[in-house]
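Counting from 1, position 420 in the sequence shown corresponds to residue 420 in full-length UniProt numbering; the numbering is continuous, with no gaps.
Everything on this sheet refers to the single structure shown next.
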Amino acid sequence: MEELTLEQIKKNSELEEEIDFENDLLKVPPGFKAGMDFTNKDAKVAKPEVNLMSLLSTLDEISNLQPDTEEKEGDKQTEEAVKLPRTNSLEDLGVKDATPSSIPSEAGNKDKQNPEEKKKWAIPVDITSPCQDFYKLIPNPAFKWPFELDTFQKQAVLKLEAHESVFVAAHTSAGKTVVAEYAIALSQKHMTRTIYTSPIKALSNQKFRDFKTTFGDVGLLTGDVQLSPESSCLIMTTEILRSMLYNGSEVIRDLEWVIFDEVHYINDADRGVVWEEVLIMLPDHVSIILLSATVPNALEFSEWIGRIKKRHIYFARIRARMSVQEELDRLLFLVSDQSLTLLPEYHQRIQVLQSLQYVDGSGAVQLKGRVACQISSHELLLTELLFENVLSPLAPEESAALLSCLVFTQNTQVEPHITSTLKEGIDRVLSVAQRIGELQRDCGIPQTAEEFIAQFKFGLTEVVYCWARGMPFAEIALLTDVQEGTVVRCIQRLDEVLKEVRQAARIVGDSVLGSKMEQASLSIRRDIVFTASLYTH
1 MEELTLEQIK KNSELEEEID FENDLLKVPP GFKAGMDFTN KDAKVAKPEV
51 NLMSLLSTLD EISNLQPDTE EKEGDKQTEE AVKLPRTNSL EDLGVKDATP
101 SSIPSEAGNK DKQNPEEKKK WAIPVDITSP CQDFYKLIPN PAFKWPFELD
151 TFQKQAVLKL EAHESVFVAA HTSAGKTVVA EYAIALSQKH MTRTIYTSPI
201 KALSNQKFRD FKTTFGDVGL LTGDVQLSPE SSCLIMTTEI LRSMLYNGSE
251 VIRDLEWVIF DEVHYINDAD RGVVWEEVLI MLPDHVSIIL LSATVPNALE
301 FSEWIGRIKK RHIYFARIRA RMSVQEELDR LLFLVSDQSL TLLPEYHQRI
351 QVLQSLQYVD GSGAVQLKGR VACQISSHEL LLTELLFENV LSPLAPEESA
401 ALLSCLVFTQ NTQVEPHITS TLKEGIDRVL SVAQRIGELQ RDCGIPQTAE
451 EFIAQFKFGL TEVVYCWARG MPFAEIALLT DVQEGTVVRC IQRLDEVLKE
501 VRQAARIVGD SVLGSKMEQA SLSIRRDIVF TASLYTH
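Written out as structure tokens, the structure is:
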């Protein structure tokens with residue numbers, strides 16, 4: 001649409017008729033009998049006059065009136081709340097006549113408003129006094145043990161029979177597992193289910209083997225293994241139980257007990273939230289059994305659990321080990337015949353050491369005894385080999401091969417091919433072992449000379465000899481039917497024996513033998529046998 005120019009607008013305005021809104025308006029609309037009168041009747045408007053003095057006086061009266069009203073209302077509330085009589089003496093006050101309702105306190109109001117806040121959820125169990133009526137209260141227990149229960153165990157069993165939640169804080173080996181076993185037996189009696197949670201898989205596997213032997217109907221649920229998931233007793237990690245609660249598993253419907261072993265893991269910075277979530281999400285019909293040995297604030301912890309679950313937690317704590325009972329058991333063992341069974345053998349071995357001149361008649365240690373103290377195994381044989389100079393004419397690699405009989409304990413079907421020098425060394429070792437075995441037999445030790453000699457195996461003599469001379473491991477593995485892992489372990493243990501013989505040679509004063517043992521040790525410490533590994537170091 002084109003816009004109008006200024007001339008067109010003026011022309012249109014001249015053509016338009018001017019309207020008088022005061023005289024030209026119709027009083028009666030067309031078709032109506034009556035209309036509206038628009039005539040001006042000259043109404044006079046009165047100008048308001050404001051009296052400032054009266055207005056100020058009114059404001060002053062209002063401001064003076066409000067404090068008096070507030071004070072009167074405050075005094076009225078105070079009189080209604082507390083009415084204290086006037087008296088000249090405290091004895092005339094009459095406190096005994098006052099009722100609790102006449103002087104309400106703020107603490108009383110809080111108790112009335114929140115009674116749950118002041119309620120004690122953790123109830124300590126008295127374990128000092130014996131439970132005399134235990135068998136009267138439970139004439140037909142769900143599970144029986146071949147020993148008499150302690151007081152805290154009896155109290156816990158009574159609470160389990162009443163379907164109450166229990167927290168047992170006791171040291172290791174105190175008998176916390178008894179409480180868990182009774183809960184499992186009780187659930188089997190009631191045809192319900194029990195879940196036993198543990199923080200680590202190794203503990204879950206151990207409890208599965210123990211409970212499987214005791215109850216039979218036991219399952220295991222971990223991240224790797226699922227065994228008998230339909231059993232009445234399920235052993236699992238706490239993370240698995242949390243997943244079951246999130247997914248709404250049908251197991252929760254028939255669940256009666258949840259046993260939290262090592263519940264102190266709730267303090268763990270990374271995994272503690274799992275225990276918190278499980279405790280919060282467990283249904284109300286499930287009772288809780290908490291077991292731990294290292295909870296420092298066990299009472300406060302029980303109070304917290306009881307408050308969030310709105311149920312009582314019966315708390316039993318064994319603060320110290322039963323040192324008196326342990327001391328009594330030790331003294332009873334000392335006076336028993338069992339403690340004296342090894343005494344004859346002790347005297348027999350002292351006689352052997354005296355015959356070989358390791359100790360004198362008064363028990364003082366001689367030079368041979370000092371040398372034997374440097375050796376960790378087969379002390380008599382090694383010491384006698386040193387003092388009879390069996391190792392002196394041998395080369396370092398031959399000494400290492402000959403001493404391999406001290407670390408190799410398996411039988412082999414392959415006959416080793418060895419040098420004549422090694423054959424003579426083996427004959428001398430067997431001769432010394434024969435003499436020691438016969439002496440022990442003469443002193444009364446119940447071991448024949450043949451049994452003593454049978455301890456020493458020479459199946460790896462050729463393997464060690466070739467290895468010390470530099471032969472690759474792949475080639476020495478073909479010289480025997482022994483597995484490679486066994487060969488590696490024997491050579492590593494042989495290195496320790498060579499170090500002990502070197503130290504013993506220094507005590508004797510044989511520096512030549514000491515250096516020879518050092519060369520033998522260096523000759524076997526090479527390649528794959530002494531490479532750093534997760535399996536051997």
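Glycine residues also receive a C-beta, built at the ideal position from the N, C-alpha and C atoms.
For residue i: DSSP bridge partner residues
| i | result |
| --- | --- |
| cysteine 233 | Thr194, Val218 |
| valine 359 | Val365 |
Straight-line Cα distance separating residue j from residue i
| i | j | result |
| --- | --- | --- |
| serine 187 | arginine 193 | 6 Å |
| glycine 272 | tyrosine 265 | 6 Å |
| serine 521 | valine 274 | 53 Å |
| lysine 499 | threonine 531 | 19 Å |
| threonine 409 | alanine 401 | 14 Å |
| valine 464 | isoleucine 476 | 8 Å |
| residue 540 | alanine 183 | Residue 540 is absent from the structure shown; the chain starts at 1 and stops at 537. |
| glycine 509 | glutamine 351 | 27 Å |
| proline 199 | arginine 253 | 23 Å |
| valine 390 | glycine 425 | 7 Å |
| phenylalanine 260 | proline 139 | 28 Å |
| isoleucine 436 | alanine 468 | 30 Å |
| glutamine 226 | serine 204 | 12 Å |
| lysine 154 | glutamate 438 | 58 Å |
| valine 501 | valine 407 | 14 Å |
| valine 179 | valine 414 | 57 Å |
| aspartate 427 | leucine 460 | 16 Å |
| threonine 536 | valine 529 | Below a pLDDT of 50, predicted positions are generally treated as unreliable, and threonine 536, at 44, falls in that range; no measurement from the model is reported. |
| proline 344 | leucine 334 | 16 Å |
| leucine 255 | isoleucine 195 | 8 Å |
| aspartate 270 | threonine 237 | 15 Å |
| isoleucine 524 | alanine 433 | 26 Å |
| cysteine 405 | aspartate 360 | 30 Å |
| glutamine 503 | proline 472 | 29 Å |
| serine 376 | threonine 412 | 25 Å |
| valine 157 | aspartate 495 | 57 Å |
| lysine 119 | glutamate 300 | 13 Å |
| serine 355 | serine 362 | 13 Å |
| valine 278 | glutamate 262 | 14 Å |
| glutamate 250 | aspartate 329 | 49 Å |
| arginine 441 | alanine 449 | 7 Å |
| proline 296 | methionine 244 | 30 Å |
| aspartate 527 | valine 487 | 13 Å |
| glutamate 462 | leucine 478 | 11 Å |
Assigned secondary structure, residue i (DSSP; H/G/I helix, E/B strand, else coil)
| i | result |
| --- | --- |
| threonine 87 | In this prediction, threonine 87 scores a pLDDT of 48, lower than 50, which makes its location untrustworthy; the coordinate-derived value is nonetheless stated afterwards. DSSP places threonine 87 in coil when its eight states are reduced to three. |
| proline 29 | coil |
| arginine 469 | coil |
| phenylalanine 315 | strand |
| alanine 477 | helix |
| proline 344 | helix |
| isoleucine 123 | strand |
| glutamate 388 | coil |
| leucine 460 | coil |
| cysteine 490 | helix |
| threonine 151 | helix |
| glutamine 374 | coil |
| lysine 136 | helix |
| serine 336 | coil |
| lysine 144 | coil |
| residue 539 | Residue 539 is absent from the model: the chain starts at 1 and stops at 537. |
| glutamine 325 | helix |
| valine 501 | helix |
| threonine 531 | coil |
| glycine 437 | helix |
| glutamine 8 | helix |
| glycine 509 | coil |
query = Where are the beta strand (DSSP E) runs, 3 residues long or more, that stay fully inside the UniProt domain "Helicase ATP-binding" (157-313), in chain order?
reply = If you keep only unbroken beta strand (DSSP E) runs of at least 3 residues inside the UniProt domain "Helicase ATP-binding" (157-313), you get 165-169, 193-198, 218-221, 233-237, 255-261, 287-292.
Query raised in the report: With contact counted as at least three CB pairs below 8 Å, one residue from each stretch, are the stretch 418-427 and the stretch 366-375 in contact?
Result: By the Cβ test, the stretch 418-427 is not in contact with the stretch 366-375, since fewer than three Cβ pairs between them sit closer than 8 Å.
Worksheet item: Is the stretch 509-519 touching the stretch 390-405, taking contact as three or more C-beta pairs under 8 Å?
Response: Enough Cβ pairs lie closer than 8 Å, so yes.
For the 8 Å Cβ check, are there 3 or more pairs between the stretch 330-339 and the stretch 132-151?
The stretch 132-151 and the stretch 330-339 do not touch, with fewer than three beta-carbon pairs separated by less than 8 Å.
So, do the stretch 220-240 and the stretch 280-297 have three or more beta carbon pairs nearer to each other than 8 Å? The stretch 220-240 makes no contact with the stretch 280-297: fewer than 3 CB pairs, one atom from each, lie closer than 8 Å.
Exercise. Answer yes if the stretch 437-446 comes into contact with the stretch 485-492, meaning at least three C-beta pairs across the two stretches below 8 Å, and no otherwise.
Key: Because the criterion of three Cβ pairs below 8 Å is not met, the stretch 485-492 and the stretch 437-446 do not touch.
Q.
Would the stretch 116-135 count as touching the stretch 303-318 if we require 3 or more Cβ pairs under 8 Å?
A. Yes, they touch.
* Which ranges does the alpha helix (DSSP H) cover as unbroken runs of at least 4 residues, wholly within the stretch 385-432, from first to last along the chain? -> Runs found: 396-403.
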